[in-house]
Amino acid sequence: MREFKKQLLIVTMLSFIILLSLSLTGCAPKSGYSDKGEKSPETVSQDADTSISSGYYLSLGSLNESVVRDGAERDESEVTVADKKIVFPQGEMKSVGIKSWSRKEKAYYPSKSELVQYMDALEHAEIVDDVPENVLKKMPKIETHILYLNSHGEFRTIGITDFGNGYHEISVEKDDVEDFKKEISIQSDTGKKYHQVFLRSMEAEKIIKEWIHWESQGEKGFESIQSAGLTIDENVDGFKLTEDQLNKLKAYLKAEKKPAEAPCGCENYFECILDDESQFHFSISADGESISTDRGVYVVDYPDNAEIVELFKEINRIVN
């Protein structure tokens, strides 16, 4: 336990030092954003211990503004349920990471007011028993992780999964030195404990979609790809496809596809520019059998998936 607390203290101090150095050196714009509207690299901690949940999310990037939840109605350390509403604990939000089947996880940097609006929407939402079956089949999930430092100085990773149609699932984990993170139950004022809580908030879903610039075109986007960058797990980061490689990708995307409820993998992430200069994100599984967009998941059967697998191997050889 003493070693565990020591690691938490180190992670907290690293985050504090990074933010302090930014405010003193003036190396980055005051907003913490570059001219392109992306977070300045100075706010990303390269020294955080990524073997634990808090260190991983700090390594993606820390929020620039202090966003605190306080009040006597809040528990000092844990997420709770009171009067059939979710209640976040006293503490400060440190980082926000978002991923989906079509997008690799990365840090996002909403303003203080936007983040407060999002948390308020979740706390005001109606708690429901579960997510309807037809909603679960409707669209890919969006997974948000908010790193929270409670008033006891302990990190909590709050996971919010958006299923579509306003439905969300909330769960909580703490750092675990052996297993990265460990689940914490959510205590209700009735005495009941939950592994996760389901709730419905169209406002919270709308906010998340605005943050990630959610795309509605689905497979129609495959028809007008102008250029493409590829990220493959930790091996390839933003590799720009050549004209020949892009043509192979386009040929694969023209193959006959069938809708699916979930992908068989999301190892290859594409960020494309379309003919109208808009962005378009999707992922392809390692075996080339499934494609995930923001809008839906599609299956490509053998042998139409064979050539894209060879393309992934080719790019891995070039980069590594």
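Heads up, the sequence shown is in the numbering used here, so the first residue is 683 and it goes up one at a time. Heads up, the beta-carbon is just placed ideally off N, CA and C, and yes, glycines get one too.
Cα-Cα separation, Ala803 to Thr913: Ala803 and Thr913: Cα-Cα distance of roughly 33 Å.
Asp857 - containing beta strand (DSSP E), residue span: Unbroken beta strand (DSSP E) run through Asp857: 849–858.
Option in Ser906, Ser853, Ile809 with minimal Cα separation from Glu760: Nearest C-alpha to Glu760 among Ser906, Ser853, Ile809: Ser853.
Pick from Val778, Ser870, Asp844, Phe845 that is closest to Leu831, judged by C-alpha positions: Considering only alpha carbons, the answer is Val778.
Limits of the alpha helix (DSSP H) - the one that Tyr738 falls within: Where Tyr738 is concerned, the enclosing alpha helix (DSSP H) stretches over 735–742.
Host alpha helix (DSSP H) of Arg999 (start-end): Taken as a continuous stretch (DSSP letters only), the alpha helix (DSSP H) holding Arg999 covers 988–1001.
Which listed residue (Gly848, Tyr800, Thr839, Val798) has its alpha carbon closest to that of Met821: Answer by Cα proximity: Gly848.
Simplified DSSP assignment, three categories, for Tyr984: Tyr984: coil per DSSP, three-state reduction.
Candidates Leu931, Ile966, Glu959, of which the one nearest Gly947 by Cα: Per the Cα distances, Ile966.
Cβ pair count under 8 Å reaching 3, the stretch 783–802 against the stretch 972–983: Three or more pairs of CB atoms, one per stretch, sit closer than 8 Å, so the stretch 783–802 contacts the stretch 972–983.
Segments of 3+ residues assigned as beta strand (DSSP E) that fall wholly inside the stretch 763–826: Runs of the beta strand (DSSP E) inside the stretch 763–826: 767–769, 773–782, 785–790, 808–810.
Where Glu885 sits in the DSSP three-state scheme: Correct three-state label for Glu885: helix.
Closest residue to Asp861 among Ile990, Gln961, Tyr738 (Cα-Cα distance): The candidate whose alpha carbon is nearest that of Asp861 is Tyr738.
Reference Gly911; option with closest CA among Leu745, Asn950, Ile889, Val763: Answer by Cα proximity: Asn950.
N- and C-terminal bounds of the alpha helix (DSSP H) containing Asn929: Run containing Asn929: 925–935, per the alpha helix (DSSP H) assignment.
Cα-Cα separation, Val859 to Glu836: Spanning the two alpha carbons is a distance of roughly 14 Å.
For Lys932, the nearest candidate out of Phe952, Ile955, Glu905, Ala942 (CA to CA): With respect to the C-alpha of Lys932, the residue from Phe952, Ile955, Glu905, Ala942 having the closest C-alpha is Glu905.
Test item: CB-CB of Met775 and Val749 under 7 Å: Closer than 7 Å, so yes.
Inter-residue spacing [alpha-carbon to alpha-carbon] between Met884 and Tyr934: Between Met884 and Tyr934, the C-alpha separation is close to 36 Å.
Within 7 Å, strictly: CB atoms of Asp919 and Ala764: Going by C-beta atoms, Asp919 is not nearer than 7 Å to Ala764.
Residue from Glu808, Ser733, Glu887 whose Cα sits closest to the Cα of Thr826: Taking only the C-alpha atoms, the option nearest Thr826 is Glu887.
Span separating the alpha-carbon of Tyr984 from that of Lys930: Tyr984 and Lys930: Cα-Cα distance of roughly 16 Å.
Separation of Lys936 from Gln908, as counted between CA atoms: About 15 Å.
Candidates Leu797, Asn746, His850, of which the one nearest Asp811 by Cα: Residue His850 holds the alpha-carbon nearest to the alpha-carbon of Asp811 among Leu797, Asn746, His850.
Of the residues Leu928, Ile824, Lys940, the one placed nearest Phe994, counting alpha carbons only: For Phe994, the nearest C-alpha among the options comes from Leu928.
8 Å contact criterion, which Pro792 and Trp893 should meet: CB distance rounded: Right, the Cβ-Cβ distance comes to about 6 Å (below 8 Å), so this counts as a contact.
Proximity below 7 Å, CB of Ile866 to CB of Lys856: With contacts defined by Cβ atoms closer than 7 Å, Ile866 and Lys856 form a contacting pair.
Exposure label - Val1001; buried when at least 16 CB within 10 Å: Exposed, because fewer than 16 other Cβ atoms sit within 10 Å of the Cβ of Val1001.
Coarse secondary structure for Glu905, derived from DSSP in three states: Helix at Glu905.
Cβ pair Pro945, Val979 closer than 7 Å: Yes, Cβ-Cβ distance for Pro945 and Val979 is below 7 Å.
As assigned by DSSP and simplified to three states, the class of Gly920: In this structure, Gly920 counts as strand in the three-state DSSP scheme.
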